[in-house]
Every structure is written in structure tokens, then in C-alpha cells.
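Q: The structure that follows is given in the form of C-alpha cells.
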Amino acid sequence: MEEIIQKLDKYLSTLRPEYYSELNEPLDDSQLDKLEEYYKIEIPKDLRTLYKWKNGQKPNCYEAFVNNSCFIPLHQALYDASELTPMIGFDFEIENWWNENWIPIFQNGGGDSICFDLKGIFTEQKGQLIEFWHADNDRNVVAPTLEAFFSKIINFYETKEKEEFDEYFEVEEIENYPKKFILE
Numbered sequence: 001m002e003e004i005i006q007k008l009d010k011y012l013s014t015l016r017p018e019y020y021s022e023l024n025e026p027l028d029d030s031q032l033d034k035l036e037e038y039y040k041i042e043i044p045k046d047l048r049t050l051y052k053w054k055n056g057q058k059p060n061c062y063e064a065f066v067n068n069s070c071f072i073p074l075h076q077a078l079y080d081a082s083e084l085t086p087m088i089g090f091d092f093e094i095e096n097w098w099n100e101n102w103i104p105i106f107q108n109g110g111g112d113s114i115c116f117d118l119k120g121i122f123t124e125q126k127g128q129l130i131e132f133w134h135a136d137n138d139r140n141v142v143a144p145t146l147e148a149f150f151s152k153i154i155n156f157y158e159t160k161e162k163e164e165f166d167e168y169f170e171v172e173e174i175e176n177y178p179k180k181f182i183l184e
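Everything in the sequence shown is counted per the working numbering, starting at 1 for the first residue and increasing by one.
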């Protein structure tokens, strides 16, 4: 994962320098430990590696990191998850409309997220990335791991011309993904 993050850092800093300057400073182990203690959660190694690289983007930056979504700071991701989880069984009556094992790390500003899945809901693949749509009943697993997801972002930067970068580019063509699940 660290090698992938180094490549991502290189591409973002050289190909999207304005956006790169809007990324927050990284978290250190002490800060990560405090978040774990406060939210009573164990942050997986890959997620720790990501946030030890950069802690999301600044709140006044609305440029997309990927899939028309911003990269949110970890404290915000954990807070948002903690706000959604108590809604299970009340506002969220359908099973897995929201799941307490999801951490939203990318958000589109309209209530939708790409979440890191701690338990592997639907597939038993811990660490997969799953889409949470606030108003739609599909829950697509878009990548088996954070590393696979970032590898596709790197591939995008390696194969596209700078003129092709825009506010919305989508990670696609991960073998056997997305895996689609409809909630009823």
C-alpha cells in the first residue's frame, strides 16, 4: 500500500498541483490512536496508511478526488459514520441501508459516499470499498481493496492526457467489479 500511495502522491503533486495543495497534512500514529480510542474502533492498516499520507482535503476545497467525490478527513469520516449508525432500524429500516462497519472516506456533498467496509458486507471481503447512496437502494462494491482502487486511479493518471482530467472521472474496469447488490 505504501508504494501505491507514493505513486499517487507523485501523480497528484505533478499533474494536479492546485488540488494537491488543498490536501491536509497527514495524521500521525498518536492522532490515529486518539481517534480509535474516541470512536472505539480499530483503524485497519491500509486506512491508517492512507491517512498517514494525507488527512483528506481542506473543507473549502470542492474539487473531486475521484468519482465526483471529495476525500474527507478521518475525523469527519468517523463522525459521519457515528451519526448514521444510530439511524439503523429507525430511519434506515432496510437491512444494510447503512452499516455500522462502513467508514465514508469519499463524499460527493449530496449525502452519498464511497465507504471503507471493515467487515465485508455482502462479499465477506474486509477492506472493500462500497457505495452508499442516501436515496437509492443499490450498494455496489466498487473495489476489493483500497490498494486496487488507488491502482486504478494511478492507471488513470498514467494513461490519460492532462486535458482529459475533469471534475468527474470514475474508477472503472477493476476485474470482476463492481459487484452490484440491491436492497429490498
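Beta carbons are placed, not taken as given, at the ideal position from N, Cα and C, and that holds for glycine.
No experiment lies behind these values; they were computed from the predicted model shown.
Indicate whether the contact test is met: 3 or more Cβ pairs, each with one atom in the segment 152 to 163 and one in the segment 126 to 140, closer than 8 Å.
A: Too few Cβ pairs lie closer than 8 Å, so no.
Q: For Leu-146, I'd like the list of residues in its chain whose CB is within less than 6 Å of its CB, leaving aside the five on either flank, ordered along the chain.
A: Residue numbering aside, residue 146 sits at position 146 when the sequence shown is read from its first letter. The answer, listed in chain order, is Asp-46.
Q: State the start and end residues of the unbroken beta strand (DSSP E) segment that holds Glu-104.
A: Counting from one through the sequence shown, the residue named residue 104 turns up at place 104. Here the sequence assigns Pro to residue 104, which means Glu is not the residue at that position. Looking at the DSSP string, the run of the beta strand (DSSP E) that includes Pro-104 is 102 to 107.
Q: Can you give me the start and stop residues for the alpha helix (DSSP H) that Ser-82 sits inside?
A: As a working note, residue 82 is residue 82 in the sequence shown. First-last of the alpha helix (DSSP H) with Ser-82: 74 to 84.
Q: If contacts are defined as beta-carbon pairs under 8 Å, then Leu-27 and Tyr-51 qualify, I think. What distance do you get, rounded to the angstrom?
A: Counting from 1 along the sequence shown, the entry for residue 27 is found at position 27. Counting from 1 along the sequence shown, the entry for residue 51 is found at position 51. Contact flag correct, Cβ pair sits at about 5 Å.
Q: If we count the other Cβ atoms within 10 Å of its Cβ and call it buried at 16 or more, is Tyr-38 buried or exposed?
A: The residue you call residue 38 lines up with position 38 of the sequence shown. Per the 10 Å Cβ criterion, exposed.
Q: I need the straight-line Cα distance from Glu-95 to Pro-144, nearest angstrom please.
A: Walking along the sequence shown from the start, residue 95 turns up at place 95. Walking along the sequence shown from the start, residue 144 turns up at place 144. So the alpha carbons of these two residues sit roughly 21 Å apart.
Q: At 4 residues or longer, what runs of the alpha helix (DSSP H) sit wholly inside the segment 8 to 72?
A: Taking only runs of at least 4 residues, the alpha helix (DSSP H) segments lying wholly in the segment 8 to 72 are 17 to 20, 29 to 39 and 45 to 53.
Q: What residue range is occupied by the uninterrupted alpha helix (DSSP H) comprising Phe-150?
A: Counting from one through the sequence shown, the residue named residue 150 turns up at place 150. It spans 146 to 159 - the alpha helix (DSSP H) in which Phe-150 sits, taken as one unbroken run.
Q: Based on Cα-Cα distance, which residue from Arg-48, Met-1, Tyr-62 and Ile-41 lies nearest to Glu-18?
A: Locating residue 18 in the sequence shown gives position 18, counting from the first residue. Among Arg-48, Met-1, Tyr-62 and Ile-41, the Cα nearest to that of Glu-18 belongs to Tyr-62.
Q: If I measure Cβ to Cβ from Gly-120 and keep anything under 7 Å in the same chain, skipping five residues before and after, which residues do I get?
A: Stepping through the sequence shown from its first residue, residue 120 is reached at position 120. So the qualifying residues of the chain are Lys-126 and Gln-128.
Q: Just the Cα atoms here: how many angstroms apart are Asp-138 and Glu-22?
A: On the sequence shown, residue 138 is found 138 positions in, with the first residue counted as 1. On the sequence shown, residue 22 is found 22 positions in, with the first residue counted as 1. The alpha-carbon atoms of Asp-138 and Glu-22 are separated by roughly 32 Å.
Q: Starting from the C-beta of Met-87, find all residues in its chain whose C-beta is less than 7 Å away, skip the five residues before and the five after it, and write them out in chain order.
A: Walking along the sequence shown from the start, residue 87 turns up at place 87. Cβ neighbours of Met-87 beyond the five flanking positions: Trp-98.
Q: Use the C-beta contact count for Ser-69: other C-beta atoms within 10 angstroms, 16 or more gives buried, fewer gives exposed.
A: Here residue 69 refers to the residue found at position 69 when the sequence shown is read from its first residue. Looking at its Cβ environment, which holds 16 or more other Cβ atoms inside 10 Å, Ser-69 is buried.
Q: Report the three-state DSSP secondary structure of Ile-88 (helix, strand or coil).
A: Here the question's residue 88 lines up with position 88 in the sequence shown. Ile-88 falls in the strand class under three-state DSSP.
Q: Give every residue of the same chain whose Cβ lies closer than 6 Å to the Cβ of Phe-122, excluding the five residues on either side of it in the sequence, and list them in chain order.
A: Here the question's residue 122 lines up with position 122 in the sequence shown. Phe-181.
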